[in-house]
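Participant: In our numbering, the protein residues as written are 91 to 572.
Note that beta-carbon positions come from the ideal geometry of N, C-alpha and C, so glycine has one too.
Quantities reported herein were computed from a predicted structural model and do not represent experimental measurements.
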Ligand code: F0G
């Protein structure tokens with residue numbers, strides 16, 4: 091997005107790309123949407139694409155690719171071992187992060203699997219600003235546990251703190267003094283903290299955490315999946331980095347970390363992932379696991395075409411006009427919703443607009459999954475698919491009780507460069523209508539509850555058939571409109 095001043099005085103984000111290939115989408119009548127969400131067990135993950143108008147579930151693997159990415163895919167060097175494609179990608183990543191070693195993996199969680207397998211021992215603790223679902227699942231699977239030390243304000247819905255994803259340095263020092271050093275698996279910084287509203291981490295915080303880890307001999311792991319949004323916020327919210335070259339910022343991040351991993355479904359706008367390190371020892375140990383779990387060392391479970399697209403996409407994700415697209419659309423949607431009284435996480439973060447389902451559905455208890463209910467209601471009202479990020483995304487405790495999430499959020503994600511401003515306005519309009527009729531939304535209860543990562547394929551039903559009331563009210567207010 092470009093920062094262009096309008097003669098009219100309006101503040102309109104201006105896209106710095108043109109759309110040269112499109113996909114037709116359809117908006118089905120609300121009665122058909124009601125049937126589709128019923129069939130999906132009120133879980134938006136189980137909806138079929140053909141029933142969705144705007145897919146705001148995630149940006150993962152569905153960002154728009156550039157013409158240069160597509161062009162590069164045609165030149166891919168396909169071979170089981172020693173492909174030139176791998177060496178091209180390796181070089182881009184080494185330069186980007188200023189790190190020596192790169193290991194390919196098929197996506198972000200595969201990297202988490204390998205890192206957890208190497209560093210987590212039964213009874214050990216991984217300290218981090220905040221967990222991500224798959225990160226925690228891998229740590230727990232290896233017998234470890236997670237301690238979250240995000241700043242207190244990071245867990246508040248409304249704030250004007252520019253870097254709400256920062257780790258609390260005092261909490262970090264306290265934990266290090268309380269836990270035996272050999273029981274600390276690693277310290278992890280997640281760029282653009284996913285589950286609490288895509289909130290960024292400051293350079294200052296990364297520098298401080300790195301200094302402490304180096305002094306204490308602790309391994310510092312950086313999850314760079316949401317780096318591109320985080321880079322935008324470093325450039326626009328931290329005066330030290332005003333107009334900084336994002337390549338320099340990224341290289342500095344590389345010098346602060348021991349291990350960096352990423353989902354290339356997000357960073358690099360392709361599909362895949364990888365791990366970087368400058369430590370020979372960690373590299374040699376992780377390397378052994380790549381052929382076992384991922385694929386040979388020069389493809390790691392990825393298609394060479396995706397690796398070529400990734401190499402270009404990574405370089406493009408250091409262009410300020412490219413990385414600003416999602417954060418600016420998130421800001422537009424958040425501001426529009428706030429002006430109409432709809433509660434959202436502030437300041438607007440990366441990844442998507444995060445609606446506070448706890449306030450939105452204040453008549454529901456957390457055990458009735460307000461964020462899941464809101465996601466289902468939003469699909470009904472608009473054909474827009476968002477994602478629940480709340481108690482449903484947590485795992486039950488061993489005694490069967492719920493782990494109540496810190497935040498109950500409906501995430502409306504922005505795949506990069508996919509939607510237009512008029513579509514953003516449609517989302518705001520339908521969500522506002524839903525807010526005006528929020529008392530119609532009821533709770534959800536499980537019909538089929540998987541034991542691990544239940545949010546992916548669990549099936550639920552509405553408590554009290556509230557979906558029918560939404561359909562009736564929609565027809566009364568919108569007449570024949572879709
Ligand atoms: N770390 C973060 C911060 C993520 O956001 C994700 C994925 C992963 C790791 C795992 O990567 O999907 O390639 O295995 N986030 C997606 C999302 C799924 O929709 O937020 P993956």
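1) Under 8 Å, with one C-beta from each stretch per pair, do the stretch 477-493 and the stretch 157-171 reach the 3-pair mark?
2) Look at residue 191 and residue 391 and say whether their C-beta atoms are less than 8 Å apart.
3) Check the DSSP bridge columns for residue 501 and list the partner residues they point to.
4) Taking all protein chains shown into account, decide if residue 437 is buried (16 or more other Cβ within 10 angstroms of its Cβ) or exposed.
5) Between the Cα of residue 355 and the Cα atoms of 141, 200, 182, 267, which residue gives the shortest distance?
6) May I have the straight-line CA-CA distance separating residue 447 from residue 149, to the nearest angstrom?
7) Just verifying my parser: in three-state terms, what is the DSSP assignment at residue 534?
8) Over the uninterrupted beta strand (DSSP E) stretch that includes residue 278, give me the two end residues.
9) Buried or exposed: which applies to residue 93, given that a residue is buried once 16 or more other Cβ atoms fall within 10 Å of its Cβ?
10) Closer than 6 Å by C-beta to residue 337: which residues in its own chain qualify, once you throw out the five before and the five after it? Chain order, please.
11) From the DSSP output, read off the bridge partner residues of residue 236.
12) Quick one: is the Cβ of residue 284 within less than 7 Å of any heavy atom of the ligand F0G?
13) Near residue 340, what residues of its chain come up, given a Cβ to Cβ distance below 6 Å and the 5 sequence neighbours on each side ignored?
14) Evaluate residue 382 with the Cβ neighbour count: other Cβ atoms within 10 Å of its Cβ, from every protein chain shown; 16 or more gives buried, anything less gives exposed.
15) Rounded to a whole number of angstroms, what is the C-alpha to C-alpha distance between residue 125 and residue 557?
16) Go ahead and label residue 219 buried or exposed: buried means 16 or more other beta carbons lie within 10 angstroms of its beta carbon, across all protein chains shown.
17) Assign residue 541 to one of three DSSP states: helix, strand, or coil.
18) Could you check if residue 506 is buried or exposed, using at least 16 other CB atoms within 10 Å of its CB as the buried criterion?
19) If you count every other CB in all the chains shown that lies within 10 Å of the CB of residue 213, and 16 or more means buried, which is it?
20) Identify every residue that forms a DSSP beta bridge with residue 349.
21) Could you pull out every residue in the same chain whose Cβ sits closer than 6 Å to the Cβ of residue 43, ignoring the five residues on either side in sequence?
22) Do you know how far the Cα of residue 107 is from the Cα of residue 173?
23) Between 328, 138, 477, 322, which has its C-alpha nearest residue 406's C-alpha?
24) First and last residue of the alpha helix (DSSP H) that includes residue 460?
25) Among 233, 533, 111, which one has its Cα closest to the Cα of residue 551?
26) Go to residue 171, then tell me how far its alpha helix (DSSP H) extends in each direction, as first and last residue.
27) Please report the distance separating the alpha-carbon of residue 404 from that of residue 367.
28) If we ignore side chains and look at the alpha-carbon of each, how far apart do residue 499 and residue 97 end up?
29) Helix, strand or coil for residue 434 per DSSP?
30) According to DSSP, residue 550 sits in a beta bridge with which residue or residues?
31) Buried or exposed, going by whether 16 or more other CB atoms sit within 10 Å of the CB of residue 547?
32) Drop a sphere of 10 angstroms on the beta-carbon of residue 104, count the other beta-carbons inside from all chains shown, and report buried for 16 or more, exposed for fewer.
33) Hey, could you find the ends of the alpha helix (DSSP H) residue 193 is sitting in?
34) By a C-beta neighbour count over all protein chains shown, 10 Å radius and 16 as the cutoff for buried, is residue 396 buried or exposed?
35) Would you kindly report the start and end of the unbroken alpha helix (DSSP H) that includes residue 419?
36) Any idea what DSSP makes of residue 482, helix, strand or coil?
Facilitator: Taking the definition as stated:
1) no
2) On the chain shown, residue 191 is found 101 positions in, with the first residue counted as 1. On the chain shown, residue 391 is found 301 positions in, with the first residue counted as 1. Contact flag unset, no.
3) As a working note, residue 501 is residue 411 in the chain shown. In the DSSP output, where bridge partners are listed per residue, residue 501 has 444, 477.
4) Along the chain shown, read from residue 1 onward, the residue named residue 437 stands at position 347. Looking at its Cβ environment, which holds 16 or more other Cβ atoms inside 10 Å, residue 437 is buried.
5) Position 265 of the chain shown, counting from 1, holds the residue named residue 355. Checking every option, the nearest Cα to that of residue 355 belongs to 200.
6) The residue given as residue 447 occupies position 357 in the chain shown. The residue given as residue 149 occupies position 59 in the chain shown. Taking the straight line joining both Cα atoms gives about 21 Å.
7) Position 444 of the chain shown holds residue 534. Here residue 534 sits in strand by DSSP.
8) Counting from one through the chain shown, the residue named residue 278 turns up at place 188. Segment 274-280, the beta strand (DSSP E) holding residue 278.
9) The residue given as residue 93 occupies position 3 in the chain shown. When all chains shown are included, residue 93 counts as exposed.
10) Mapped onto the chain shown, residue 337 falls at position 247. Taken in chain order, the residues that qualify are 408.
11) Working through the chain shown from its first residue, we reach residue 236 at position 146. In the DSSP output, where bridge partners are listed per residue, residue 236 has 216.
12) As a working mapping, residue 284 is identified with position 194 in the chain shown. Yes.
13) Position 250 of the chain shown holds residue 340. These residues qualify, in order along the chain: 186.
14) As a working mapping, residue 382 is identified with position 292 in the chain shown. The residue is exposed, with fewer than 16 neighbouring Cβ atoms inside 10 Å.
15) As a position in the chain shown, residue 125 is number 35, starting the count at 1. As a position in the chain shown, residue 557 is number 467, starting the count at 1. Rounded to whole angstroms, residue 125 to residue 557 spans 10 Å at the Cα level.
16) Here residue 219 is taken as the residue at index 129 of the chain shown, counted from 1. With 16 or more other Cβ atoms within 10 Å, it is buried.
17) The residue given as residue 541 occupies position 451 in the chain shown. Coil.
18) Mapped onto the chain shown, residue 506 falls at position 416. That one is buried.
19) Residue mapping note: residue 213 aligns to position 123 of the chain shown, counting from 1. Classification for residue 213: exposed.
20) Here residue 349 refers to the residue found at position 259 of the chain shown. In the DSSP output, where bridge partners are listed per residue, residue 349 has 311, 367.
21) There is simply no residue 43 to check, as the chain begins at 91 and stops at 572 in what is shown.
22) By one-based count along the chain shown, residue 173 stands at place 83. By one-based count along the chain shown, residue 107 stands at place 17. Distance between the alpha carbons of residue 173 and residue 107 is about 32 Å.
23) Sequence index remark: in the chain shown, residue 406 carries index 316 (1-based). Per the Cα distances, 322.
24) In the chain shown, counting from the first residue as 1, residue 460 sits at position 370. Note, residue 460: alpha helix (DSSP H), 460-472.
25) As a first step, residue 551 must be located in the chain shown, where it is residue number 461. Answer by Cα proximity: 533.
26) In the chain shown, counting from the first residue as 1, residue 171 sits at position 81. Counting along the chain, residue 171 falls outside any alpha helix (DSSP H), and DSSP gives it neither H nor E.
27) For the purposes of this step, residue 404 is identified with residue 314 of the chain shown, where counting begins at 1. For the purposes of this step, residue 367 is identified with residue 277 of the chain shown, where counting begins at 1. Each residue's alpha carbon lies about 17 Å from the other.
28) For the purposes of this step, residue 499 is identified with residue 409 of the chain shown, where counting begins at 1. For the purposes of this step, residue 97 is identified with residue 7 of the chain shown, where counting begins at 1. When rounded, the distance between both Cα atoms is 37 Å.
29) Position 344 of the chain shown holds residue 434. Reduced to three states, the DSSP call for residue 434 is strand.
30) Taking the chain shown and counting its residues from 1, the one referred to as residue 550 is at position 460. Looking at the DSSP assignment, residue 550 forms a beta bridge with 536.
31) Working through the chain shown from its first residue, we reach residue 547 at position 457. By the 10 Å Cβ count, residue 547 comes out exposed.
32) Here the question's residue 104 lines up with position 14 in the chain shown. Result: exposed.
33) Working through the chain shown from its first residue, we reach residue 193 at position 103. Careful: residue 193 lies outside any alpha helix (DSSP H), inside the beta strand (DSSP E) at 191-195.
34) Counting from one through the chain shown, the residue named residue 396 turns up at place 306. Counting Cβ neighbours within 10 Å, residue 396 comes out buried, since at least 16 surround it.
35) Within the chain shown, the letter at position 329 stands for residue 419. Here the alpha helix (DSSP H) through residue 419 covers 415-429.
36) Taking the first residue of the chain shown as position 1, residue 482 is located at position 392. Three-state DSSP puts residue 482 in a helix.
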